[in-house]
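Under our numbering, the first residue of the sequence shown carries the number 159, and numbering increases by one thereafter. The beta carbon of each residue, even a glycine, is placed where N, CA and C say it ideally should be. One structure is given below, encoded as structure tokens.
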Amino acid sequence: MSTIAAAEARSLFRAFLRGGRTFPYYNIKEYILRRAREGFREGALAKDPAEAAKLLTLARDELAVMKRQSIVYGLYERPIKNVLEIEMEKRSPPAGSRTL
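Next comes the structure, spelled out in structure tokens:
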């Protein structure tokens, strides 16, 4: 894989991680993060440049779908959170606080 393709793959991976965090539902958020890690790990094994280009195109398309789905899920967000989301909010530091 060329250095340009590797840089684009890293950029797409970070975009998947950022995009996955925007989903309002815990289960979907974790699924997307897990699939991004697994997919890019599998894609790192591709040796053929044509296959790597095909995988990058697929990743770009999937990123666009994920962004659209995030917007749709945000429109229909539940007013009541599940237990995991409530526990995560309790554990996360308040906005603006810094830990050293």
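Apart from the five residues on each side of it in sequence, which residues of its chain come closer than 7 Å, Cβ to Cβ, to residue i?
i      : result
Ala194 : Phe171, Phe174, Leu175, Gly178
Lys187 : Gly178, Arg179, Phe181
Gly232 : Pro182
Asn240 : Tyr184
Measure how close the beta-carbons of residue i and residue j come, nearest whole angstrom, since I'm counting them as under 8 Å.
i      : j      : result
Glu245 : Leu214 : The pair is not a contact, with the Cβ atoms about 37 Å apart (cut-off 8 Å).
Ala280 : Ala204 : No answer is possible for residue 280: it lies beyond the span of the chain, which begins at 159 and ends at 258.
Would you identify the three-state DSSP class for residue i, choosing helix, strand or coil?
i      : result
Ala165 : helix
Asn185 : helix
Pro155 : Lying outside 159 to 258, the shown extent of the chain, residue 155 is not represented and no answer is given.
Ala202 : coil
Phe174 : helix
Leu231 : According to the sequence provided, residue 231 is Tyr. The question's Leu does not apply to it. Residue state, collapsed to three classes: helix.
Thr215 : helix
Return the chain-ordered list of same chain residues with a C-beta closer than 6 Å to the C-beta of residue i, the five sequence neighbours on each side being excluded.
i      : result
Arg249 : none
Glu243 : Tyr184
Got a sec? Which residues, its chain only, sit under 8 Å from residue i by beta carbon, not counting five neighbours each side?
i      : result
Arg192 : none
* Asked: Counting Cβ pairs closer than 8 Å, one from the stretch 180-197 and one from the stretch 224-234, do we hit at least three?
  -> Counting Cβ pairs under 8 Å, three or more are found: they touch.
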